[in-house]
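Residues in the first sequence are numbered consecutively from 243, following the working numbering.
Beta carbons are placed, not taken as given, at the ideal position from N, Cα and C, and that holds for glycine.
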Amino acid sequence: MHRTLSLFNTLTRRVEPVVPVEEGKISLYTCGPTVYNFAHIGNLRTFLFQDLLKRTFRAGGYAVTHCMNITDVEDKIIRDSQAGLPAEATNEQRHGAMTALTERFTAIFLDDLETLRIQKAEFLPRATAYIGQMIHLIQDLEAKGLAYPREGSVYYRIAGLPQYGCLAHLDREGMQAGASVDADEYERDSVTDFVLWKAGKPGEPSWDSPWGPGRPGWHIECSAMGMELLGERVDIHSGGVDLIFPHHENEIAQSEGCLGHRWVNHWVHGEFLMVEGQKMAKSLGNFFTLRDLIEKGVDPIALRYAIQSNHYRKVLNFSFEGLRAAENSLKRIRAFRKRMEGEGQGGGGPWAEALVPLVRLEQARTEFWAAMADDLNTPEALAALFTLISDLNAQDDHVALTRDERNAVLAFLDEADAIFAAWPQEAASLDAEVEAFIEARRAAKAAKNWAEADRVRDQLKALGIVLEDRKDGSVGWRKG
RNA sequence: GGCGCCGUAGCCAAGUGGUAAGGCCCGGGACUGCAAAUCCCGUAUGCAUCGGUUCGACUCCGAUCGGCGCCUCCA
């Protein structure tokens, strides 16, 4: 069984239920990184949003097939990788230099995803492995009269596609007015036509093609790989808002020009991130990569939570204060989890305000899913979780929850954590070691040697373990 | 110029034509050897401003102020 989930669709600008082409299955294409440098937290916000999207569908009962492209041929990649090569370098040497750069940063990127607990896509195609498919696609568009060659390059004729502009909601006249003429591409029929294949230039790696040596334009890779790996009808395609135009608009032109029908049903875009109220920019000194933050002592999962606890379609103002708030919020959830894993210490009731834990739990689950199903409303979903925590903490203080009730609560925490990945069950491998410290402290307390008892507690704290004395005299601990 | 978004407490933030969720921080209290965790109480007569529609608006309409995005580099 799968839940009905709705998402804002950029095509219609409305929140609409996602109705998969194949029942119970979701094909998802997300635009991945251009691998020439470290990803910054703005990039990572988008990938975290897409992970939230994917995990929500999975937790909602869908089989998700995810394809994320790795752009490994592009202007900046060429610029950075070819800098050290002599003018007479061979094409093979140029390709080698480019591959060395992109493989390095691809590995670093995948490493960052793992650090943030972002699930890896089933398909991670590199653009350079699909040059043949891109060429075929361009030839197909040429045959359909939607593409034309000029001096070794090939361009897309947007006048040939009536729906051009449907995603970005731009009309052709508005584009004409706003378009800037790129002196490098003056040979186009119309300044708004975009390049599918770029004629090779000296000093650049190139591939052979029917139009001579050259390299693919930026947009064509996503159309070629998306159609190859996910098919002619894709359920969801997503990226950052900046990709709406021109990138995704052009993908639609390429794919639908070729297919003759709708390619992607649901386009979903994540908003940008600002830093301390300003645009992130190297010149402002507020430009951060994940590694920068880790060096500053930031817990990557706190970053994950800070980003995912805000709505994906709102500009997020990243701040270190916000990160602290995220860390403290997580502490509350994790402490509650630990409490549910242990046994109840509360009295046996009766309590005037007692509730029925399993009923209250189902209410929270219902609220949680209603919020997630409504365009991934994480702030509201988390509110449902926090009010549950409050109510059950109070309940457990007065009328201890039973083992079965605690297990049911833990199952819900796991269900939510399958999406947020921030409060997993922790390994109990430290148990024996910690218990020895607790025993030493117990002995000191029995002798009313408070100084020694505090010293042991401080020792544990230095190891990242926080102790909690319970009413019945037992001692619990958690990672602090 | 065109298209669009946003402005809710110290900070973050949801929400809705019917009388302001949640998190963080802060203050007081309970519990504790002291803590930690937890609980209880308190913290926006008001949702940028000014008009309008309405029995009723933070929510709809208009205007104004402020911040932001896109209109072929961009997550």
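Quick one, are the C-beta atoms of residue i and residue j less than 8 angstroms apart?
i, j, result
"residue 297", "residue 660", "yes"
"residue 510", "residue 249", "yes"
"residue 373", "residue 447", "no"
"residue 441", "residue 393", "yes"
"residue 599", "residue 358", "no"
"residue 622", "residue 636", "no"
"residue 698", "residue 683", "yes"
"residue 388", "residue 502", "no"
"residue 322", "residue 343", "yes"
"residue 282", "residue 560", "no"
"residue 626", "residue 546", "no"
"residue 312", "residue 340", "no"
"residue 702", "residue 579", "no"
"residue 513", "residue 540", "no"
"residue 438", "residue 396", "yes"
"residue 270", "residue 618", "no"
"residue 549", "residue 300", "no"
Closer than 6 angstroms by C-beta to residue i: which residues in its own chain qualify, once you throw out the five before and the five after it? Chain order, please.
i, result
"residue 724", "This structure gives no information on residue 724, because the portion of the chain shown stretches from 243 to 722."
"residue 710", "718"
"residue 721", "706"
"residue 493", "461, 464 and 465"
"residue 574", "none"
"residue 243", "303"
"residue 576", "665"
"residue 467", "311, 367 and 372"
"residue 475", "263"
Leaving out the 5 sequence neighbours to the left and right, which residues in its chain are closer than 8 angstroms to residue i when beta-carbon positions are compared?
i, result
"residue 412", "487 and 491"
"residue 409", "252, 253, 486, 487, 490, 491, 494 and 509"
"residue 382", "500"
"residue 714", "587"
In terms of alpha-carbon separation, which member of the options lies closest to residue i?
i, options, result
"residue 406", "497, 549 and 516", "497"
"residue 471", "309, 572, 630 and 640", "309"
"residue 650", "603, 609 and 636", "603"
"residue 292", "635, 625, 361 and 691", "361"
"residue 615", "253, 252, 260 and 243", "260"
"residue 648", "657, 617, 634 and 640", "634"
"residue 630", "330, 644 and 607", "607"
"residue 429", "391, 450 and 445", "391"
"residue 273", "266, 247, 300 and 314", "314"
"residue 596", "370, 439, 400 and 638", "638"
"residue 402", "536, 376 and 436", "436"
"residue 377", "519, 452 and 294", "452"
"residue 716", "669, 584 and 640", "584"
"residue 677", "708, 375 and 398", "708"
Under a three-way DSSP split, which group does residue i fall into?
i, result
"residue 268", "strand"
"residue 420", "Because residue 420 carries a pLDDT of 43, less than 50, the predicted location of this residue cannot be relied on, and no value is offered for it."
"residue 427", "Because residue 427 carries a pLDDT of 49, less than 50, the predicted location of this residue cannot be relied on, and the following value inherits that uncertainty. Looking at residue 427 - three-state DSSP - the assignment turns out to be helix."
"residue 436", "strand"
"residue 412", "coil"
"residue 732", "There is simply no residue 732 to check, as the chain begins at 243 and stops at 722 in what is shown."
"residue 684", "helix"
"residue 731", "The question about residue 731 has no answer here: the residues shown for the chain are numbered 243 through 722."
"residue 333", "helix"
"residue 505", "coil"
"residue 309", "strand"
"residue 690", "coil"
"residue 559", "strand"
"residue 511", "strand"
"residue 469", "helix"
"residue 276", "strand"
"residue 288", "helix"
To the nearest angstrom, how far is it from the Cα of residue i to the Cα of residue j?
i, j, result
"residue 555", "residue 485", "14 angstroms"
"residue 257", "residue 284", "24 angstroms"
"residue 414", "residue 568", "45 angstroms"
"residue 553", "residue 481", "15 angstroms"
"residue 421", "residue 434", "For residue 421, the predicted structure reports a pLDDT of 46, less than 50, and the residue's modelled location is therefore unreliable. The matter cannot be settled from this model."
"residue 365", "residue 305", "14 angstroms"
"residue 404", "residue 504", "13 angstroms"
"residue 275", "residue 566", "28 angstroms"
"residue 456", "residue 336", "13 angstroms"
"residue 523", "residue 563", "19 angstroms"
"residue 515", "residue 368", "27 angstroms"
"residue 334", "residue 704", "55 angstroms"
Could you pull out every residue in the same chain whose Cβ sits closer than 7 angstroms to the Cβ of residue i, ignoring the five residues on either side in sequence?
i, result
"residue 363", "308, 309 and 310"
"residue 686", "694, 695 and 698"
"residue 445", "324 and 329"
"residue 624", "551"
"residue 610", "623, 626, 627 and 658"
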